[in-house]
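These protein sequence lines are chains A and B, in that order.
With this note's numbering, letter number 6 in the first sequence gets 6, and the count goes up by one each step, no holes.
Adding 19 to a residue's 1-based position in the second sequence gives its number in this note's numbering.
No residue lacks a Cβ here, since even glycine has one placed at the ideal position from N, Cα and C.
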Amino acid sequence: VPVFPWHSLVPFLAPTQSD
Amino acid sequence: SPTTLPPFFMRGSIIQLADGELKRVEDLKTEDFIQSAEISSELKIDSSTVERIDTGQTPNAVIIQFGVGEHKAQVCVEVLLEYPFFVFGQGWSSCCPDRTTQLLELSCAKLCVGDVCVSLTLRSLR
Numbered sequence: 001v002p003v004f005p006w007h008s009l010v011p012f013l014a015p016t017q018s019d
Numbered sequence: 020s021p022t023t024l025p026p027f028f029m030r031g032s033i034i035q036l037a038d039g040e041l042k043r044v045e046d047l048k049t050e051d052f053i054q055s056a057e058i059s060s061e062l063k064i065d066s067s068t069v070e071r072i073d074t075g076q077t078p079n080a081v082i083i084q085f086g087v088g089e090h091k092a093q094v095c096v097e098v099l100l101e102y103p104f105f106v107f108g109q110g111w112s113s114c115c116p117d118r119t120t121q122l123l124e125l126s127c128a129k130l131c132v133g134d135v136c137v138s139l140t141l142r143s144l145r
């Protein structure tokens, strides 16, 4: 049975560095 | 461009928390994400507020605009209608809960403008 890490379920929303 | 959902959202998928505990995806609680991020040296939980939901560029897709973190930085993502997000204090939510339930057997609430979702950023970005 595959086991997935918790953080794979959460979107990675990083603000861009510009503006 | 999104076409399929990742396998780990399917009801019954086994998820490992940062402390090693195993839970089914449908049993996850807000605290599980918060506590896992606290243990993590690299990842930080952010609150991302849904600000807009628009039709996507492909069928069955939506563009969701989030205000991320305390500064409400604007981030847009294009995902399938049935893609589930975890809303603080509420649990799994998607733009089309019926499709999510049908495809993943994952019980879901309707994702709405104003909902606050769990998201991640790198600690080093701060």
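Counting only Cβ-Cβ distances shorter than 8 Å, please list the residues of the segment 31 to 54 of chain B near chain A, keeping chain order.
32, 33, 34, 35, 36, 37, 41, 44, 47, 51, 52
Does the beta-carbon distance from residue 135 of chain B to residue 107 of chain B come in below 8 Å?
yes
Can you give me the C-alpha to C-alpha distance between residue 47 of chain B and residue 41 of chain B, rounded to a whole angstrom?
Taking the straight line joining both Cα atoms gives about 10 Å.
Put residue 103 of chain B into one of helix, strand or coil per three-state DSSP.
coil
Whole angstroms is fine: what's the gap from residue 76 of chain B's alpha carbon to residue 14 of chain A's?
22 Å
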